[in-house]
Every structure is written in C-alpha cells, then in structure tokens.
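The structure appears below as structure tokens.
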Amino acid sequence: MLTKRHAAAWIRILMVFPAAVPLLISCGSEIPAGEPTAGPSVTPSNTPEAPPTMHSLIPKPAFVHTLDGGFALTESAAIYVPSGNPEIEDIGRYLSTIWQGDTGFALPVIPSEAAPDSGNLYFTLEGGDPALGDEGYTLAISPDLVALAACSPAGLFRGVQTLRQLLPAAIESPERQPAPWVIPAGVIRDKPRFAWRGAMLDVARHFFGVDDVKAFIDWLAFYKMNRFHLHLTDDQGWRLMIRSWPLLAQTGGSTAVGGDPGGFYTREEYAEIIAYAQSRYITVVPEIDMPGHANAALSSYPELNCDGVAPPLHTGIDTGSQALCAGKDITQTFVDDVIREVAELTPGPYLHIGGDEVSTLSPGEYLSFVAFAQRTAEAYGKQVVGWDEIGAADLPTTAVVQYWSGPGAVAAARKGHPVVLSPASRTYLDMKYNPSTEWGLNWAGYIEVRTAYEWDPADILDGVAEEQILGVEAPLWTETIRTRGQMEYMIFPRLAGIAEIGWSAADGRGWDEYRFRLARHGVRWAAWGLHFYRSPQVPWI
Ligand code: TNX
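In this text, residue positions in the sequence shown follow the working numbering: the first is 286, and each later residue adds one.
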C-alpha cells in the first residue's frame, strides 16, 4: 500500500537513486481506499497560463500525492524503455512524436537495461500480480526523473495520457511553443473502475471517412477509453465491404440520410481503423445491426425480402422498415457469410449484432433469430454484444447486453449477463444540449454537460449490482450529424464526463469540482482546433 508518507519517501529516493524505481513499484499493492485525491481546488489558478496540476486530470486518478516543484523537460531528455520490447518502444515513440512537434526536442526513445540518469523519462514494465489491472499504472515525477510503471503495455499507454495532460495545453498547439516545459512533481497510482469504457460512432446514417474515425479514436485514447463501437450498418447505409455480398456496400452504401453522399470502408480501410485503435489499446466492436435496421441490405438484395422485392434505399430518419425475412434459408446464409467475414477482419473478441427496435417479426421469430446470430458469432470465435432487446433471448451468459432503454438489460443481468450502460437520457451524444442546439435529437431529453456527468452507473438499473456492470458507453448517432465539426460539437465536452464515470471511483468526484477541471480542458480542445460546445455551466477560461 502506498501512503502519502510512502510516496514522499519514494520521491526522495528517486531523486538520488533513480535506478531503484523498479524495486519500489509493486504491481500487487492495493490503491489505498479513501485517500483524498481532490486536493486544492484548481479554481484560483484557472487561467490559460496556469500550468495543469495533478488535480486537473480527467479522468480523475485513484490516488494522487502532489509534491513541490516539477520535472523540466529539456532538449536533452530521452524516453528510456526496456530493451527487447518493441511494443513499449512504440508507446515511447507515440509520446515522443506528439511532443516533438510542439517542443522541437528530439526526445529519442532509448531501449536500455537500466534506469536512466536524471533529466529523462523512464517507462518500465513489471510483470507479476496484476492488482492494478492491465490498464493501471504508477507515475512518479521528481525534479530528476519521470518514472512510469505498469504491469502491461496498456497500463503504460494509459499513463502516457496522464503525462500528456500534465503539460500545459499549449503543448497540443500546432505552433511550436517556447520551453521550459514543466511536469508537476508527485505520485499517481491509478486504475479504472470499469473494464468497458467506450463510445460509439454511427457511420451508417452519415458516413465518416477513415481520417474522421482516427480522430475519434484519438479522442477516446486521450480520455483513457478502451472500446470503440462502430455502428456499420443501418436502414440508411451499409458501410463495410463484404466480399461474398458486394452489393451491400456498393448499393446499400451509396447514400445516406437526406440523400447525402454515402461511402463504405474497403477491407483494407477497415483493417487500418482496427490497427490504429489497437495501437492505442482500444478494442473495436463492429456492429452489424440485425434483424431490424436492415433496409440497406434489403434494398441491395431482393432475395432477402419475404416477398422477393427490394424496397428503395431509405434516406429518411424514421425507423420501422421491414426486418430481414426470418423464415428464409437465404437469410441464414446471409447472416453466416456476413458474420464470418466481419469476424475474420476483427481481431477483438466482440461482435455486436444490434437486435434493437424490431417490429415486423413475431416475438418467437425475433428470439430465434437472435439465438441463431449468437450461435453463428460463437462458431466464428466471437462473443456477441447486442442492444437491450436481446436480453429476452436465450443466450449463453457470455453475451453482453447494452442497455439504452427498456427492460431487457435488467432481465439479462438477472440471468447472469454482463451489462454495458448507455442510458439514453445521460449518454446519448446525439441528444441536443438544450432547445437551441442546432443539431441532434431530443427524444431522450436535453443533455447538458452536467446531466451527462452527474450520475453513477450503480444507480441506473434497479437490481443490477456493480459486479454485473461491465462499463459505460456513449453512442453518437448521426441522423442529424453530417460534418466533423458537428461531430466535435456533440462529443465535447460530454465525452470527457462519460470517460470519467467509467474510469474514476464514485467517491471523490463531483460536479462542483469537475467543472473546474473541465474548464481547463477547453483550453486544450481550443489548441486542438476543436469546435466544442461552450456550455454556460462550465467556467471556461
Ligand atoms: C435509438 S439506441 C436507436 C437508434 C437511433 C437513436 C437516435 C438504439 C439501439 N436505437 O437507431 O439512431 O435512437 O437517438
């Protein structure tokens, strides 16, 4: 256990004997319960020039102990990584590339057996007991050294995001900034509360190209999120090339809501998205929405319709189209082919089968369709995820149920399924902030920044205990979202709050102090050139 006294002693040792870092870091030790992490409010120094502190991080870390002074990043600094570990070298290069452009420093990544001399950064990996989990990390910053330790590369990557946030926001700016860059001294020990911290992008209603998707992934990474749910198909568009059914993408992907331009990802582009997410320790969860929300497929292949007649492409935003024809053999062939190809292209364990809002099948047809899709996914090595409605089906308990509204997730939790929480009235990034928001919908209400932040996963579903909650996810549906700027506006600031709900303990976080931390992040988003919502609830600086 790391107490405050411990932390101070540790830092003193680090200052004179940096090589001791690996000995001092034990992956097995518990984060002390109830340690105050709030510290002094960030209010008094909330100016653009004021440097960030360990108390302005989002998501809030589990344990923070601040010390006076800081580590000055200079021209001669290097990032030391264990030798013979290319994965950690990549993490070092990731940070070095981000910081190089802004500082003009070379920041070489140096594989080495030993801890570095003073003035450097040091990433180290200690195997062993994973009480901090795969994503936990310890960060110790003294005037001499920045030491980042974790039990796995994913933990180092999360810790790197903390480091990024500890340098002034100007570091993110495209223009080169003058030195010195000072990282405040102290110790952070951190790990996530929930295993699934995600966001969803609907590329079916409006198509977003690979560059937009990569930007989205980078935003998730910055806030330590680890699941990217890609809603690839819906009534208005099919966005992934399936080799055995090429018209899905060619015809079904040819348009979008309002008749806007369509598009689809080739297999290579999809692989590029997956690799990009992987390099940020984010698992892609592809969704093929079935058996409803399938008009794009039905218009591409007449044989998938019960009457053999293809409906026109759908460019409205209403739902309620026909579902796939449950009784036909060709439907099973279609489901098998599509799931097989998506599974082949997707290294992660999950495949999302949708399952929402089906009104044209009988309950029996619906339940047996879902069970068939699940068995098919399992046969191709994937664990299914589905919206609330699949909770009524008879599925193995490995199936993950994603709550949005309705009774299915509670029923599923009772049967032992893990639940991902996306309560529409809190997490839907397509809901307007207020009646004058230019884009978005409001069927689940208006979601101001405070509403999106001020809730706890354990309080959402009666009778669903924390142990059954796999995590949280914020979906961005895009019926009304057509451009990158609109996407940014709906995501920021709300994404940061959802990330904190997923990562940080409930104790010690609250709107009254969060809004000051959030205000600082506005400076960073401005430096990134983001078009974000300047909510009147946040004391922007
Ligand atoms: C409900 S949430 C839907 C989506 C819409 C969204 C709009 C869910 C599983 N289905 O098809 O895009 O509302 O907010």
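Just so you know, even glycine gets a beta-carbon here, dropped at the ideal spot from N, CA and C.
For residue i, three-class secondary structure by DSSP
i: Leu430; result: strand
i: Gln607; result: coil
i: Gly421; result: coil
i: Leu652; result: helix
i: Met339; result: coil
i: Asp673; result: helix
i: Ala435; result: strand
i: Pro371; result: helix
i: Pro396; result: strand
i: Phe408; result: strand
i: Ala582; result: helix
i: Asp353; result: strand
i: Val594; result: coil
i: Val686; result: strand
i: Tyr665; result: coil
i: Leu448; result: helix
i: Leu726; result: strand
i: Leu714; result: coil
i: Leu358; result: strand
i: Glu629; result: helix
i: Val327; result: Residue confidence is low: Val327 scores 45 on pLDDT, short of 50, so the model does not pin down where it sits. No coordinate-derived value is stated.
i: Thr763; result: coil
i: Asp387; result: helix
i: Phe442; result: helix
i: Phe777; result: coil
i: Pro401; result: coil
i: Ser381; result: helix
i: Leu287; result: Reliability of the predicted coordinates at Leu287 is poor, the pLDDT of 43 falling under 50, and the value obtained from them is presented with this limitation in mind. DSSP places Leu287 in coil when its eight states are reduced to three.
i: Gly748; result: coil
i: Ile783; result: helix
i: Ala811; result: helix
i: Gln822; result: coil
i: Glu739; result: coil
i: Thr616; result: helix
i: Asp679; result: coil
i: Ala416; result: coil
i: Glu798; result: helix
CB of residue i within 8 Å of CB of residue j, strictly
i: Val686; j: Pro576; result: no
i: Gly440; j: Leu352; result: no
i: Ala489; j: Leu517; result: yes
i: Arg482; j: Arg512; result: yes
i: Leu505; j: Ile567; result: yes
i: Pro760; j: Ser690; result: no
i: Thr763; j: Asp715; result: yes
i: Phe272; j: Ala696; result: For the chain, the structure presents residues 286 to 826; residue 272 sits outside this window and is missing.
i: Ile745; j: Arg779; result: no
i: Gly640; j: Glu674; result: yes
i: Tyr422; j: Leu433; result: yes
i: Ser458; j: Asp387; result: yes
i: Phe549; j: Trp523; result: yes
i: Gly676; j: His637; result: no
Residues bridged to residue i (per DSSP)
i: Gly483; result: Arg512, Glu758
i: Gly639; result: Met575
i: Phe348; result: Arg474
i: Pro465; result: None; Pro465 has no bridge partner.
i: Val704; result: Val686, Ile754
i: Val366; result: Pro396
Contacts around residue i, its chain only, beta-carbon distance under 8 Å, and the 5 residues preceding and following it disregarded
i: Ser437; result: Leu410, Pro415, Asp419, Glu420
i: Gln446; result: Ala506, Phe507, Tyr508, Lys509
i: Pro681; result: Gln659, Glu663
i: Gln385; result: Ala391, Leu392
Neighbourhood of residue i by C-beta, 7 Å cutoff - its chain only, sequence neighbours within 5 removed
i: Gly666; result: Ala628
i: Gly543; result: Thr600
i: Asp741; result: Ala791
i: Ser569; result: Ser is not the amino acid found at residue 569; the sequence shown has Val there. Phe513, Leu515, Ile558, Ile559, Ala562, Thr631, Gly633.
i: Arg625; result: Tyr665
i: Ala812; result: Ala454, Ala455, Glu457, Ser458
i: Thr661; result: Val620, Asp621, Ile624
i: Ser584; result: Thr536, Gly537, Ala595, Pro596, Pro597, Leu598
i: Trp810; result: Phe777, Phe817
i: Asp545; result: His491, Arg767
i: Met775; result: Leu714, Asp715, Trp724, Gly725, Leu761, Ile766
Same chain, Cβ closer than 6 Å to residue i, neighbours up to 5 away in sequence not counted
i: Ala357; result: Pro465, Val467
i: Glu320; result: Annotation note: pLDDT 44 at Glu320 (below 50); position unreliable, coordinate value reported separately. Within the same chain, Glu320 has close Cβ partners Phe348.
i: Gly787; result: Phe479, Arg482, Gly756, Val757
Along the chain, which unbroken stretches of the beta strand (DSSP E) at least 3 residues long are found entirely within the segment 496 to 577?
512 to 516, 568 to 575
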